[in-house]
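Numbering (our numbering), first residue to last: 14 to 165. We treat Cβ as the ideally placed atom computed from N, Cα and C, and that holds for glycine. Owing to the predicted nature of the structure, the values given are computational and were not obtained by experimental measurement. See below for the structure under consideration.
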Amino acid sequence: MTWSRVIAKDGRIPWHIPEESRLYESIIARGTLIMGRKVFEEYGRPLPRRHNIIVSTTLAQVPGADVCRTFGKAVEKAREYKEDVFVIGGTRIYREALDIADCMRISYIREAYEGDTFFPQFDESEWDVAGRKEYPRFEHVVYVRRKKQVSA
């Protein structure tokens, strides 16, 4: 599948696909969210009914959210909540999460969009496809990390 990996342009998602937005919101409806500052600024507020953790070196306190200076500190904080953790961007946060994630949910948008922010490259040989669903304007794929073979 050819994929441009575009996730944003000028700090915003460049497409408006209500069905994909509803799917995304249903996935992250409960649990703990880890996001970068720019993603937080796109939303403009902490998302309700879940714990929000913002990775930023410039933000001070944010009412209704935890601010952590590094991704590692954000993961430590997320573990305190004992809930599912969802990493929702941007590129640097996704790149760091790839090292520890055990699941990825990616929507492959069928139309080409211009962008200036991209999902990082990842080694597909480290992942198995656990689910795939076709929609009119995108395909949603669930990946789970392959178990490493341990030699005796």
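Alpha carbon to alpha carbon, what distance is there between residue 153 and residue 118?
Those two C-alpha atoms are separated by around 7 Å.
Where does residue 108 fall in DSSP's three states?
In this structure, residue 108 counts as helix in the three-state DSSP scheme.
Compare the C-alpha of residue 104 against each of 94, 135, 36 and 42 and name the closest.
Checking every option, the nearest Cα to that of residue 104 belongs to 135.
Kindly provide the ranges of any beta strand (DSSP E) runs that are 3 or more residues long and lie completely inside the region 31-99, ordered along the chain.
Correct list: 45-49, 64-68 and 79-81.
Can you tell me where the beta strand (DSSP E) holding residue 143 begins and where it ends?
Element bounds for residue 143: 140-147.
Express the C-alpha separation of residue 138 and residue 28 in angstroms, rounding to a whole number.
Cα to Cα, the separation comes out at about 29 Å.
Can you give the Cα-Cα distance for residue 110 and residue 148, rounded to whole angstroms?
So the alpha carbons of these two residues sit roughly 27 Å apart.
Taking the beta carbon of residue 71 as the centre, do at least 16 other beta carbons fall within 10 Å, making it buried, or is it exposed?
With fewer than 16 other Cβ atoms within 10 Å, it is exposed.
Give a yes or no on whether the C-beta atoms belonging to residue 98 and residue 91 are separated by under 7 Å.
Cβ distance < 7 Å, so residue 98 and residue 91 count as in contact.
Apply the 10 Å Cβ neighbour rule to residue 16 and answer buried if 16 or more other Cβ atoms are within range, or exposed otherwise.
Exposed, since its Cβ has fewer than 16 Cβ neighbours within 10 Å.
Which one or two residues does DSSP pair with residue 25 in a beta bridge?
Residue 25 pairs with 22.
From residue 22 to residue 123, what distance separates their C-alpha atoms?
Roughly 17 Å separates the two Cα atoms.
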